[in-house]
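Working notes for the structure below.
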Amino acid sequence: MIKVAVCGANGKMGKEVCEAVINDPSMDLVAKIDVKGDGYRTIEEAKRYCEIDVLVDFTQPQFIYENAKYCLRNGIDMVIGTTGLKDEEISFLRKISMDMKTGCFIAPNFSTGAVLMMKFAKMAAKYFDNAEIIEYHHNQKKDAPSGTSIKTALMMSEVKGNFKSGNCDEVETVEGSRGGTSYSDIQIHSVRMPGFVASQEVIFGSSGQTLKIRHDSIDRKCYMDGVLMAIRHVRENKDFIYGLDNIME
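Quick note on numbering: the sequence shown equals residues 83 to 331 in the numbering used here.
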């Protein structure tokens, strides 16, 4: 049995992860960690009383980096669903993971459909010189742009160095109206609105045509197969992984 702790257990994603772990016969939910509600308030407190093999983190961007450093340095394998980590922070976590031989699995998105959307976007990037990304989330998401959109842009940038071919010199009369500039000059636009869970649209353009690749999450349960897959992988392999696409055949 894999002994699993969930940090952020009382959040919307945390509750779904707890239920998924409880219903998986190969796993045992040993600790719920959250600053609110029943259970342990900190990872350190949970570690004093529980044997933890893998900790799944769905907390907040301001907490995830310190949580991850603590777990990796104390022999707790991690699955990170919290977004907002900077590139340099991810690089440092990779180093700790490798030095300590503690598994770390970071996934901007655990939905298999979203991962396929990213893969398809990378495939399409070879054939288009212009692309932008629009991501839609509920209005309680604190970080922007989403980790999924950043990961998508990163994957597309591995194919091509610039996606603004032929664009004129632009002047924003309202600051930020063109979104944020990411890898390979891909513009990312973030929408925050009640009613959304998580959606993303990658738009490609060339002379006389456009291509849109879109994924919609309508229920958080769609992430659970990916989360369980990541828990099993990180426990078995003790490696560092960034993106569910790396273990999906």
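The C-beta atom is built at its ideal place from N, Cα and C for all residues, glycine as well.
None of the values given here were measured: they were computed from a predicted structure.
Identify, in the order they occur along the chain, each residue of the same chain with its Cβ nearer than 6 Å to the Cβ of residue i, setting aside the five sequence neighbours on each side.
i    : result
G261 : Q269, I270, H271
A226 : S272
Y265 : A235, L236, S239
So the candidates are the options; which of them puts its Cα closest to the Cα of residue i?
i    : options                : result
A196 : I232, G185, F174, R176 : I232
N244 : A207, I104, V279       : A207
T141 : N328, T124, R176       : T124
D181 : M199, M238, L154, V112 : L154
Near residue i, which residues of its chain fall below 7 Å by C-beta distance, leaving aside the five closest residues on each side in sequence?
i    : result
T230 : P190, N191, A196, E217, Q282
C100 : V88, A91, L111, K114
I172 : I188, Y324
Let me know the secondary structure DSSP gives residue i once reduced to three states.
i    : result
I329 : coil
M160 : strand
E217 : strand
I134 : coil
G308 : helix
I232 : helix
I172 : helix
Is it buried or exposed, residue i, if we count other Cβ atoms within 10 angstroms and call 16 or more buried?
i    : result
E98  : buried
G90  : buried
G277 : exposed
D251 : exposed
Of all Cβ atoms in chain C, is any one closer than 7 Å to the Cβ of residue i?
i    : result
D225 : Note that chain C does not occur in the displayed structure, where there is just one protein chain.
Spell out the partners DSSP gives residue i in its beta bridges.
i    : result
N319 : DSSP, once it has assigned bridges, lists no residue as partnering N319.
K85  : D110
L293 : F286
S247 : Answer by DSSP bridge pairing: none, since S247 is not bridged.
Going by beta carbon distance, what residues of the same chain come within less than 8 Å of residue i, once the five residues before and after it are set aside?
i    : result
D135 : I84, K85, V86, I158, D159, R317
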